[in-house]
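Participant: Mind having a look at this structure? Questions to follow.
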Amino acid sequence: MTFTISAPPHKKENITFKKIMWAKVLALMPVVLLSVYLFGLPAIGLVAASIFAAIATEAAIQKAFGQKITIADGHAVLIGLMVAMIIPPEVPLWIPMIGTVFAVGIGKHAFGGIGSYVFNPVLAAWLFLSLAWGSIMAPASYPQTSALFELVLENGAGVMAGVSPLFILLAGAVLIFRRYIEWRIPVAFFVTTVLLAFLLGDSLSYVVLGVVVFGVLFIATDTSTSPTTKNGRVIYGIVCGVLVVVYGHFANYVDGTFYGLFLANCVASLIDNNTLPASYGTETFLQRKYRSIVSKVPFKDRLEVFLDD
Amino acid sequence: MTNVYVMEKIPEKIIIPLKQHDGCLCTPLVSKGDMVSMGQKIGDCDCYDSASVHSSVCGEVISIEEAANPNGTKVNSVIIQPTEDVECVDLTPVKDVSASKLVDVIKGAGIVEHYGTPTHKVLRPEGKQIDTVLINATSSEWIGGHYDTSAQYASQMIDALKLLMKAAGASKGAVVLRNDDLESINAFDHLRVDGKLLTVAPLMGKRKLSYYFKDMGSDIIVVSQERIYGQKILDLLTYNLTGRRVSFCCDPTDVGVAICGVKSAKALYDAVHEGRPYIETVVSVSGKVNSPKKILVKIGTPFKDVIDACGGYMGETGKLIANGAVTGVAQYTDDVPVTKMTTSITVLSADEVIRDVSIDCTHCARCADVCPVDLIPSRITAFADQGRFDECRQMNILNCVECGRCSAVCPSKIHLLQLIRYAKNSIENAYEDLSSKESPANLKLGCGCSGGN
Amino acid sequence: MDPLSEFIRGITKDNPIFGLVLGLCPTLAVTTSIDNAIGMSAGTAFVLICSNLMISGLRKQIPASVRLPIFILIIATFVSIVKMVMEAYFPPMYAALGVFIPLIVVNCIIIGRAEAYANKNNMFYSLIDALGSSAGFLLVLVLIGGIRELLGTGGLAIFGTQLVSIPINPITFMILSPGAFLTIGILMAIVNHRRAKKLARGG
Amino acid sequence: MTDSNKDIVIIIGKLVLISVIASALLAVTFVPTNEQLKKNYAEARTSTLAEIMPSAAEFEAIYGDTVINDEGDKEILYYRAKDSSGNLVGYAFFRKQVGAQGMIEVAGGVDSSFNAITGIGIMAHTETPGLGSKIADDPFKSQFTDVKVADLSLSKSGGAIDSITGATISSQAVIDALNEQVGDIKMAEA
Amino acid sequence: MAADVSLFQIFMDGVFIKNFLIIQFLGLCSFVGVTKDTKSAAGMSGAVIFVMTLAATVSFLIYNFVLVPLKLEFLDLISFIVVIAALVQLVEFVVRKNVPSLYRSLGIYLPLITTNCAVLGVVLLNVLNEYSFIQSVVFGVSAGIGYALVMLMMSGIRERTTLVNVPSSMRGLPHAFLIATMLSMAFVNYFGVIPL
Amino acid sequence: MSLTTLIIQAMATLGGLGLVIGIMLIVASKLFKVETNPLVEEVVEILPGANCGACGYAGCADFAEKVVAEDAPLDGCPVGGFDTTKEIGVIIGQEVSESEKEYPYVRCGGGIRCVDRFDYVGIEDCTAVIMLSDGEKGCNYGCMGRGTCVRACPFDAIFIGEDRLPSVNKNLCTSCGLCLEACPNDILMFAKDSEQVHVQCNSHDKGKTVKAVCEVGCIGCKICEKNCPEDAIKVTKFLAEVDQDKCTACGICVEKCPQNCIEMR
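Chains as they are written, first to last, in our numbering: chain A, 1 to 309; chain B, 1001 to 1453; chain C, 2001 to 2203; chain D, 3001 to 3190; chain E, 4001 to 4196; chain F, 5001 to 5265.
Written out as structure tokens, the structure is:
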């Protein structure tokens, strides 16, 4: 009888990356269906083209470099879907296709694939598209919510992600409940945005736009691009909130979400590196700072510094 | 009260490893062809960090050779073919229980903690003073030995604790129960010790042991807390119970705390009151066997026979695990013996074996969320994977209790715990190399075992 | 040392951009079009040749401890002279290249070659080295400039003459600063890839 | 690094010597080139003025109070443009404005009623090549010809001027220069 | 004219809008060379902030109190670069003496601050923009802060990417440039909208 | 203003600047003087600068210091190769002669031809497998093919082939020896290209044990020893070893070996 040897634990939770990805895709489906109803056939074309391009790029790259083809894990599909959802539905179809090719090719695989990228591929694609073809990428309308019932159906939404804040919020809540996405970032984000919007005198309804909710629940919580430490995630949520509100206050919250979150991606690693928990996790902020400063000075120099004095 | 069955059938052969602890290998006191009787000392060593080994049956020594051991290595072992006799060496209860004598008794009886350290070394570490002795009953509550009633269990534990305190020269002692183990809590509640009524005190927030010592005005208390899983839980347990922080590369004895298990406490009790050396132990057999149960077996019984005693394998077996499915060691053969460090045997069927292929870490931080000691396992293992062990050490990898929760929750199916152990092992090796040849000025790894609050 | 191989080395192995990774700032800043790329390389080449010759000639006289300031002094002098002369007598050319001229002073290639080569070799080889490096610099700049101009504007033009034009919606991204980083990043990846392959084959 | 005081003196001496030679070289180059430069500059100004106000035949400089050089020349604030018969047809001016990278010197002309811009020219700039530098190109400059002063702002702020993609700062700087200078002349003439 | 540019705008310009590293491509050698770990990046940034501020101050003084009165404006480039070179050398001496470990990890790049386009860039832009003394100094400081900001972000990201697998042909510089692409994308439009 | 005045002024200004700066720098260099050995700096310049640590010291600068202090051998830098050694020798003033380059050689021919004792699930690393048990191969001395050496190589010069055994790409190998250190079973050893005959086995087990688990392991039968005309092959502890100084690569042992575990390259 041949036994199997492996290191403990010998029993594991039945959760996989694949499961999480498909759960996210599924969670976004109601919004997609709703936007197909609102925007009509172009929306279907957009989603289809986008997902097709994403899958094709992923397969092509993995084939070209002799890697295992991982289309089935749903990550490419999710990227395709999310890119489609933040592009105005009336653009020509080559736009989402180039966008997802950029997202999967440069944003994901050039950085090393799943888990290795530091910038969200979806955001990178959006930024690329809007820097490259700014005039085409401007949505036909920006939401001007004022009444609360528009939380359910945002009439002025220019992109698919914005059609229904409530649907996205619900989808996110379910995923958080299943612990498929992180809760600290969204909570810190919403607290920050609401506080800041209140201080700046922005209408509170602005910060619960569909795009903002989508951005923070589905983009900011992208695990590869957010910090791993507990404190780091709270700080990251706050940073996201501040950056989104700063841009959103002066321009609009649709662009602001994407620019703000992308900028937050840039500092995520820095936050992560500087919030590593201490031994047994019990250390005050000042203690940590002191320790980090002292530990940064190499032993020999520390001595010298003392001796010089 | 969980029933403990006694294994009646004497196996065909008994394998007694000459090392059932962390420390030096014992030299065999018998040679091939000798007849041994039950309880006879067959291996001993002069080293302070080792414990004697005794024969658990009567029989003939058929060989002394390298044999598989449940911790995965091969150890020089005495292989005995038992005979039908149950002749036992003279068991004389210990009369004189002075502290120094007790230590000798413990060493002589070969009592070893289930985590590997010989008990006398825990109680009387060289150059260190112990002030508190703890019996950790949070994980192995009932399997220390064969008790008739729960009250017997409680009284024996308290008795053993007193002996341990005496051996260690410690002034305070505590039994730590699991707070959902109501049966044990009931057994200990309202027990009279030295005329005082005991109550089981829950540990919460800032109320550590010292609070209850003062609060109850007693040197012996019983407390309860949540269960902590893991193989290297001593440091965390010490911190949770006493608030004393154990530095890297130190153990609880460095901060004056000795932690013993129920098994060794029971063995000590038996050694003192019956004069019996550590030759039998209770293991719990679970998983895909026909009748899972707790069973008292002789040390050295091969797993195969233990499983047969439990009704044999059920279906096709995929994995045989010693010491529990969460933190245990998988075996590649069922010809390994039960040792002093064996607490349970788990059998998994072939389709229960996890064979997921690892993919890249997605930094989902689920591992960081479940870690009981606030580490970032994903990051540590990434360092470990690249051989950057120094950075692992800076990230407090040595605090890891090896509970394996991170591996269990990982959606990328990364073998986190294995990587952590790999890194820890490398760090320890590096330490040994370093401390011997480097001058102290360069030793910025610095083992400042100062401890304390 | 063979002069020809020294020259080739400047284009291939010790290529300023892909080999030594020096002088990135002007490379990225001016490669929005082929015109600019050529202009920058021309200016750099002139200063590089002059300063390499000068430093090589004076290398025995320069005290090691103030080596750097002196190199820079020499380079800055040449740059200033080029700038003034060009501005006064060749205004059209100055209009095209003027903005790049001060940047040449801080082009790491020049100081890098001065330190690494001219300071140790005689004038002839320094000249060859300067020529090689300039040629390598020119090639890379034209390549990057060409790619960015082609994609960013949908056509290629050299000094007003339209060479190629492709029917795409111009990708403004390529003209912006991220485009520069992206282009050079991908080019470098290709170079790395080829180099690794060559090495594995035993080159 | 250095052993004796003698070495130090030699090092400093060499440093000074090289600086001195360098500066001498520069000075020698500077004098003739500067002359030429001034000539070029004057020519450029004349031709630009003619370009931005094709209807004018003569430009009368209006001097300010500030003395700008050793020869006692005064600062030129703007020019009154007159046609061949001496009628005032508008005002022309030069103005420096901070752009994205450095100073942009803008030439501009406005009709006598301050109603519309007659044309602009870029005298000098150091904008990013390929982006901001497009302000000197015709597609951008020609937008200003005969544009109403009231419409003098970027199209995204409701004006008539399309900004250069990716170079909003440079575009805005040109517009600011024109607006401010037109305002200044209006004040001065009023 | 320059005089009416508010200090805040100059500050924002220096730190974000005209960020030297990723918008203006100045000082890239150190950007890709010294960002492998945060410690070196921080040290380098500190040195650059110091040199930039000092260079902005000193060059302003030299330009306005020596060169302009003597009509020697044509000596600007050469005198600035000499001043910067001297300052860098000074920093080098100090770092080498007091923080040898930093000196070792900065390696070749410390002398290269001299030819760090960023420092000369600050000085030349100050002259071009005709900034006043205070404005010059503020611009120097803010450009330094902008430099430090991006250096820190970059080093944070690169430190983290050592934990993950990067395709072999992307490793090193190409990867650094891809990160720079993304950083640049993040900066290029974000701060432009904020009215100053 | 005349030309002369201008030139004089320019000269005076820049000259003055030069003077001030020169003095300042000299003072500073005195003030912050760091004692460095010029030899060390020269050596650092010659070294490859990869800071790979193959020499066993913390980076190139450290190695340079040690070399100058004569704590490290001149040929301590395996990456730089002979050229570097020679140049260091010139600086320090010692003669060096070229030695032939050595590459890691895998002393195991088992791989897929050696039985597995169990089925392993976990991280791909030989050391990790050994930590869990005594190794997955039936043979305690053999290569497990889990690629610890591959991961140890900073130059991507080792890869695990189809037969689950490592092979070395000599074009990429720099003979740094990190793989030798990493291997938990000490299977790799350095061998020169001129040394042609090697025993592809490392097992000191008895013949019977070896035969039970491995098709190509050395069983210590001594046939090679008896047949070697040069007396260059010896069996010690059930394992044949080739004395490379005596071996003439005649190939007799290769032919005679019943287990086919002697290899001629």
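Ideal placement from N, C-alpha and C gives every residue a C-beta, glycine not left out.
These numbers were taken from a predicted model, which means no experiment stands behind them.
Any Cβ of chain F within less than 7 Å of the Cβ of L1417 of chain B?
Facilitator: Closer than 7 Å: no.
Participant: Could you give the DSSP three-state label for M4154 of chain E: helix, strand or coil?
Facilitator: If DSSP states are grouped into helix, strand and coil, M4154 of chain E belongs with the helices.
Participant: Taking Cβ-Cβ distances shorter than 8 Å, what residues in chain F pair up with S4239 of chain E?
Facilitator: Outside the displayed span of chain E (4001 to 4196) sits residue 4239 of chain E, for which this structure offers no information.
Participant: Could you name the residues of chain E that F4971 of chain F contacts, counting a contact when the two beta carbons are closer than 9 Å?
Facilitator: Here chain F has residues from 5001 to 5265 only, and residue 4971 of chain F is not among them.
Participant: Anything in chain B within Cβ reach of D5125 of chain F, meaning under 8 Å, just list it in chain order.
Facilitator: Those within 8 Å of D5125 of chain F in chain B are Y1422.
Participant: Go ahead and pull the three-state DSSP assignment for K4036 of chain E.
Facilitator: In this structure, K4036 of chain E counts as coil in the three-state DSSP scheme.
Participant: Would you check if the stretch 4070-4078 of chain E and the stretch 4010-4018 of chain E touch, i.e. whether three or more CB-CB distances between them fall below 8 Å?
Facilitator: No, the stretch 4010-4018 of chain E is not in contact with the stretch 4070-4078 of chain E.
Participant: Restricting to Cα atoms, I'd like to know which of C:I2034, C:A2118, C:T2027 is closest to G1953 of chain C.
Facilitator: Nothing about residue 1953 of chain C can be reported from this structure: the residues present for chain C run from 2001 to 2203 only.
Participant: In chain D, which residues lie with their C-beta within 7 Å of the C-beta of I2070 of chain C?
Facilitator: Correct list: L3015, I3018.
Participant: Counting only the same chain and skipping the five closest in sequence on each side, list residues whose C-beta sits under 7 Å from that of A49 of chain A.
Facilitator: Only L93, P96, M97 meet the Cβ criterion.
Participant: Using C-beta distances below 6 Å, list every residue in its chain close to H1114 of chain B, excluding the 5 sequence neighbours before and after it, in chain order.
Facilitator: Excluding positions up to five away in sequence, the list reads G1261, K1263, M1341, T1343.
Participant: Can you name the start and end residues of the beta strand (DSSP E) that Q1331 of chain B belongs to?
Facilitator: Per DSSP, Q1331 of chain B belongs to the beta strand (DSSP E) from 1329-1331.
Participant: Exposed or buried, E1226 of chain B, counting other C-beta atoms within 10 Å across all chains shown (16 or more means buried)?
Facilitator: It is exposed - the Cβ of E1226 of chain B has fewer than 16 other Cβ atoms within 10 Å.
Participant: Measure from the alpha carbon of T1362 of chain B to the alpha carbon of each residue in A:T192, A:T2, A:S141, A:S116, then state which is nearest.
Facilitator: The option with the nearest alpha carbon to T1362 of chain B is A:S116.
Participant: In the DSSP output, what is K5137 of chain F paired with across the bridge?
Facilitator: Beta-bridge pairing links K5137 of chain F to F:D5116.
Participant: From the DSSP output, in three-state form, read off V207 of chain A for me.
Facilitator: Helix, per DSSP.
Participant: Can you list, in chain order, the residues of its chain with a C-beta nearer than 8 Å to that of L4102 of chain E? Leave out the 5 residues immediately preceding and following it.
Facilitator: Contacts found: K4039, S4040, G4043, V4095.
Participant: Please classify S1098 of chain B as buried or exposed, where buried requires at least 16 other C-beta atoms within 10 Å of its C-beta.
Facilitator: Classification for S1098 of chain B: exposed.
Participant: Starting from M5024 of chain F, follow the beta strand (DSSP E) in both directions and report where the run begins and ends.
Facilitator: Note, M5024 of chain F: premise wrong, no beta strand (DSSP E); alpha helix (DSSP H) at 5003-5031.
Participant: Under the DSSP definition of a beta bridge, which residues are partnered with A3092 of chain D?
Facilitator: The partner list for A3092 of chain D (beta bridge, DSSP) reads D:Y3079, D:G3109.
Participant: Using a Cβ cut-off of 7 Å, pull out every chain A residue sitting near I2171 of chain C, in sequence order please.
Facilitator: Chain A residues near I2171 of chain C: A132.
Participant: Under the three-state reduction of DSSP, which class applies to K1208 of chain B: helix, strand or coil?
Facilitator: In the structure shown, K1208 of chain B sits in coil (DSSP, three-state: anything other than H, G, I, E or B).
Participant: With DSSP collapsed to three states, give me the class of A4086 of chain E.
Facilitator: It is helical.
Participant: Could you spell out the range, first to last residue, of the alpha helix (DSSP H) harbouring H1273 of chain B?
Facilitator: Note, H1273 of chain B: alpha helix (DSSP H), 1262-1273.
Participant: Counting only Cβ pairs nearer than 8 Å, list the residues of chain A close to F5118 of chain F.
Facilitator: Within chain A, the residues near F5118 of chain F are T2, F3, T4, I5.
Participant: Taking Cβ positions only, does S4040 of chain E come closer than 7 Å to chain A?
Facilitator: By this cut-off, S4040 of chain E is not an interface position.
Participant: Just checking, does the stretch 2176-2183 of chain C make contact with the stretch 4155-4163 of chain E on the three C-beta pairs under 8 Å criterion?
Facilitator: No, the stretch 2176-2183 of chain C does not touch the stretch 4155-4163 of chain E.
Participant: Can you pull the chain A neighbours of N4019 of chain E, defined as C-beta to C-beta under 8 Å?
Facilitator: Going along chain A, no residue has its Cβ under 8 Å from N4019 of chain E, so there is no contact; the nearest lies around 12 Å.
Participant: Secondary structure at A278 of chain A, three-state DSSP: helix, strand or coil?
Facilitator: Coil.
Participant: Along the alpha helix (DSSP H) that carries Q62 of chain A, what are the first and last residues, could you check?
Facilitator: Looking at the DSSP string, the run of the alpha helix (DSSP H) that includes Q62 of chain A is 41-64.
Participant: Is the beta carbon of T1253 of chain B sitting closer than 7 Å to the one on V1246 of chain B?
Facilitator: No.
Participant: State yes or no: is the beta carbon of I4098 of chain E nearer than 7 Å to at least one beta carbon in chain D?
Facilitator: Strictly speaking, residue 4098 of chain E in this sequence is Asn, with Ile absent from that position. Cβ-Cβ to chain D under 7 Å: no for N4098 of chain E.
Participant: Is G2179 of chain C helix, strand or coil when you go by DSSP?
Facilitator: Helix, per DSSP.
Participant: Does at least one heavy atom of the ligand PLP sit under 6 Å from the Cβ of C1371 of chain B?
Facilitator: Looking at this structure, you won't find the ligand PLP or any other ligand, since it has none at all.
Participant: Kindly say whether I3011 of chain D, judged by its beta-carbon, lies nearer than 7 Å to any beta-carbon of chain C.
Facilitator: Chain C contact via Cβ: present.
Participant: Please list the residues of the stretch 3023-3045 of chain D that have a C-beta atom closer than 8 Å to any C-beta atom in chain F, keeping them in chain order.
Facilitator: Under the 8 Å Cβ criterion, the stretch 3023-3045 of chain D contributes S3023, A3024, L3026, A3027, V3028, F3030, V3031.
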